[in-house]
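Take a look at the structure set out below.
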Amino acid sequence: MKILNLKYLFDGLKNILRQLYVLYSKPINIYANKSSKKRVLVSYIKSPFYLKNRPIKHANVIESRVIAEEFFKLGYSVDIVDYRCTRKIDYSKYDVIFGFGHPFKNSFKLDIQIIRICYLTGANPNFSNEKEAMRIRDIYLYSGKLLSPRRETYWPWMNVVINSEMVILAGNDNTKNTYEGLNKNIKTVPVPMIPSKLKPNAILGSGFLWFGGAGAVHKGLDLVLDASSEIRDEFSIDICGPLENEKDFFKLYESKLDKNNITFHGMIDVESNEMQNLIDKNLFIILPSCSESMASSVTTCMQFGLIPIISKECGIDLGEHSILIEELTINEVTRAMKYALSLNEDELLRKKELSIKHVNKINTPAKYREEISEAIRFIL
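Residue numbers (the working numbering): 1 to 380.
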């Protein structure tokens, strides 16, 4: 018990120190260009630059490193600051500020000549908040239970989007449309998938994998569970994501989560044996999300041959490789799942092959580098 208490104490202290570092640590120099006086401040995340050989667990590690490298190639010295940092920053030494968050927002408070490139990794926050609230209302009308929003976000983004020289947006045209009319220079870039040593699945089963982040309602898990009660074919559902704290959701859907063909795994390592087992077991990746930039959980699974069953709000271009969830209702998710289960072997093999081809064309780190470089060069 004493060892357990010490662990909690150590973890708590570590979180406090991390928070203090994030809020108050000054910008750090990543690249120094001695042949040029040009300097850029990137307001994003610092952690990818602590240990260059650390395992990549999230696409934002790739994004951060590529952004810094591309500015250096353009002749800039590159400083990095955490987007949550609240300390005072001397902006006068910078020619460009790139990113979002407090340091980016605070640059507008000063009368300085600086090029601002806003980098956004989600749909319009107003759009996203509205869509999640509407999904919560749908559940209330269906069940009589009012759940709490989990992805609701507020920050003073409107001014920075409208008054930046450019907005670079992770997503596709559907994501871009949520910002329509706010800035004439909005460029989209794909979300890079994390290179993996895992292997594509080799069988044609009948398993559905729901793989997402926090916000079960936002990402449509309720629709998948409700639809599962309407399907009589043999199938299974595996659920992966950091949802343990969403106790109101688990209480409401306890009876459906408790079925023999439905398994909750929690958050898993995408490079683990457990992930390989889920890839081998499942044929479909399903995400009826109400708002995304470009759902990296889906593209991660597509590289292993899982067939995406997705809403247009997932920010992934649709085509023969995918099955569209046309609206976020139980009936429509049921239809999409039944359609998936009705496909013959040839149709499934074709969609698997096209799914892999799609992400290898659109979502590689090399493609991200090409697109972000082109966008930055456009404004500079």
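Even for Gly, the Cβ is constructed at its ideal location relative to N, Cα and C.
- Task: With a threshold of 16 other CB atoms inside 10 Å of the CB of residue 339, please say whether the residue is buried or exposed.
- Result: If you number the sequence shown from 1, residue 339 lands on position 339. Exposed, since its Cβ has fewer than 16 Cβ neighbours within 10 Å.
- Query: Can you tell which of 35, 305 and 40 has the C-alpha that lies nearest to the C-alpha of residue 349?
  - Reply: The residue you call residue 349 lines up with position 349 of the sequence shown. Checked all of 35, 305 and 40; the closest Cα to residue 349 is 305.
- Item | the segment 254-265 touching the segment 174-187, judged by at least three CB pairs closer than 8 Å | no
- My guess is that residue 203 and residue 138 are in contact by the Cβ rule of under 8 Å, so how many angstroms apart are they, rounded? The residue labelled residue 203 in the question sits at position 203 within the sequence shown. The residue labelled residue 138 in the question sits at position 138 within the sequence shown. Contact flag wrong, Cβ pair sits at about 35 Å.
- Item | Helix, strand or coil at residue 66 according to DSSP, with G and I counted as helix | Against the sequence shown, residue 66 aligns to sequence position 66. Three-state result, residue 66: helix.
- Whether residue 351 touches residue 311 by CB criterion (9 Å): Here residue 351 refers to the residue found at position 351 when the sequence shown is read from its first residue. Here residue 311 refers to the residue found at position 311 when the sequence shown is read from its first residue. Going by C-beta atoms, residue 351 is not nearer than 9 Å to residue 311.
- Using the Cα positions of residue 378 and residue 176, report the straight-line distance between them to the nearest angstrom. Position 378 of the sequence shown, counted from the start, is the residue given in the question as residue 378. Position 176 of the sequence shown, counted from the start, is the residue given in the question as residue 176. Taking the straight line joining both Cα atoms gives about 18 Å.
- Query: Where does residue 86 land, buried or exposed, given buried means 16+ other C-beta within 10 angstroms?
  - Reply: Position 86 of the sequence shown holds residue 86. By the neighbour-count rule (16 or more Cβ atoms within 10 Å), residue 86 is not buried but exposed.
- Item | Runs of beta strand (DSSP E) lying entirely within the segment 56-100, each at least 3 residues, in chain order | 77-82 and 96-99
- Task: With a threshold of 16 other CB atoms inside 10 Å of the CB of residue 16, please say whether the residue is buried or exposed.
- Result: Residue 16 sits at position 16 when you count from the first residue of the sequence shown. Exposed, because fewer than 16 other Cβ atoms sit within 10 Å of the Cβ of residue 16.
- Task: Tell me whether the beta-carbon of residue 209 lies closer than 9 Å to the beta-carbon of residue 98.
- Result: Here the question's residue 209 lines up with position 209 in the sequence shown. Here the question's residue 98 lines up with position 98 in the sequence shown. Contact: no.
- Query: In chain order, which continuous runs of the beta strand (DSSP E) of length 3 or greater are located wholly inside the segment 123-202?
  - Reply: 166-170 and 186-189
- Could you work out which residue in 38, 103 and 46 is closest to residue 77 when comparing CA atoms only? As a working note, residue 77 is residue 77 in the sequence shown. Of the candidates 38, 103 and 46, the one whose C-alpha sits nearest the C-alpha of residue 77 is 38.
- Query: Can you give the Cα-Cα distance for residue 69 and residue 364, rounded to whole angstroms?
  - Reply: One-based indexing of the sequence shown puts residue 69 at position 69. One-based indexing of the sequence shown puts residue 364 at position 364. Rounded to the nearest angstrom, the two C-alpha atoms are 17 Å apart.
- Contact under 9 Å by Cβ, residue 241 with residue 123: Within the sequence shown, residue 241 is the residue found at index 241, counting from 1. Within the sequence shown, residue 123 is the residue found at index 123, counting from 1. Against a cut-off of 9 Å, the Cβ pair of residue 123 and residue 241 comes out as no contact.
- Query: In terms of residue numbering, what span does the alpha helix (DSSP H) encompassing residue 249 cover?
  - Reply: For the purposes of this step, residue 249 is taken as residue 249 along the sequence shown, with counting starting at 1. Counting along the chain, the alpha helix (DSSP H) containing residue 249 begins and ends at 247-252.
- Please list, in chain order, all residues of the same chain as residue 149 whose beta carbon is under 7 Å from its beta carbon, the five residues on each side excluded. On the sequence shown, position 149 is the one that residue 149 refers to. Result list for residue 149: 132, 133 and 136, in chain order.
- Message: Here's the rule I'm using: 16 or more other beta-carbon atoms within 10 Å means buried, otherwise exposed. How should residue 195 be labelled?
- Response: In the sequence shown, residue 195 corresponds to position 195, counting from 1. That one is exposed.
- Message: So, for residue 200: in the same chain, excluding its five sequence neighbours on each side, which residues have a beta-carbon less than 6 Å away from its beta-carbon?
- Response: Numbered from 1 along the sequence shown, position 200 holds the residue referred to as residue 200. Result list for residue 200: 304 and 305, in chain order.
- Query: Would the segment 109-126 and the segment 88-98 be scored as touching if the rule is three or more Cβ pairs under 8 Å?
  - Reply: yes
- Message: Need the endpoints of the beta strand (DSSP E) that residue 116 sits in, please.
- Response: In the sequence shown, counting from the first residue as 1, residue 116 sits at position 116. Note, residue 116: beta strand (DSSP E), 115-120.
- Message: Would residue 165 and residue 89 qualify as a contact pair, given that the criterion is a beta-carbon distance under 9 Å?
- Response: Residue 165 sits at position 165 when you count from the first residue of the sequence shown. Residue 89 sits at position 89 when you count from the first residue of the sequence shown. No. Outside cutoff.
- Message: Assuming residue 103 and residue 43 are in contact, meaning their beta carbons sit under 8 Å apart, how far apart are those beta carbons, in whole angstroms?
- Response: Against the sequence shown, residue 103 aligns to sequence position 103. Against the sequence shown, residue 43 aligns to sequence position 43. About 4 Å; that satisfies the 8 Å criterion.
- Message: Please identify the residue among 128, 191, 151 and 360 whose C-alpha is closest to the C-alpha of residue 61.
- Response: Here the question's residue 61 lines up with position 61 in the sequence shown. If we check each option's Cα against that of residue 61, 191 comes out closest.
- Query: Does the Cβ of residue 64 have 16 or more other Cβ atoms within 10 Å, making it buried, or fewer, making it exposed?
  - Reply: In the sequence shown, the residue the question calls residue 64 occupies position 64. With 16 or more other Cβ atoms within 10 Å, it is buried.
- Message: According to DSSP, simplified to helix, strand and coil, what is residue 33?
- Response: Position 33 of the sequence shown, counted from the first residue, corresponds to residue 33. In this structure, residue 33 counts as coil in the three-state DSSP scheme.
- Item | Rounded straight-line distance, which links the Cα of residue 144 to that of residue 381 | Absent from the structure is residue 381, since the part of the chain shown begins at 1 and ends at 380.
- Task: State the CB to CB distance for the pair residue 154 and residue 146, rounded to an integer number of angstroms; the pair is presumed to be in contact (CB under 8 Å).
- Result: Mapped onto the sequence shown, residue 154 falls at position 154. Mapped onto the sequence shown, residue 146 falls at position 146. Wrong, their Cβ atoms sit about 20 Å apart, outside the cutoff.
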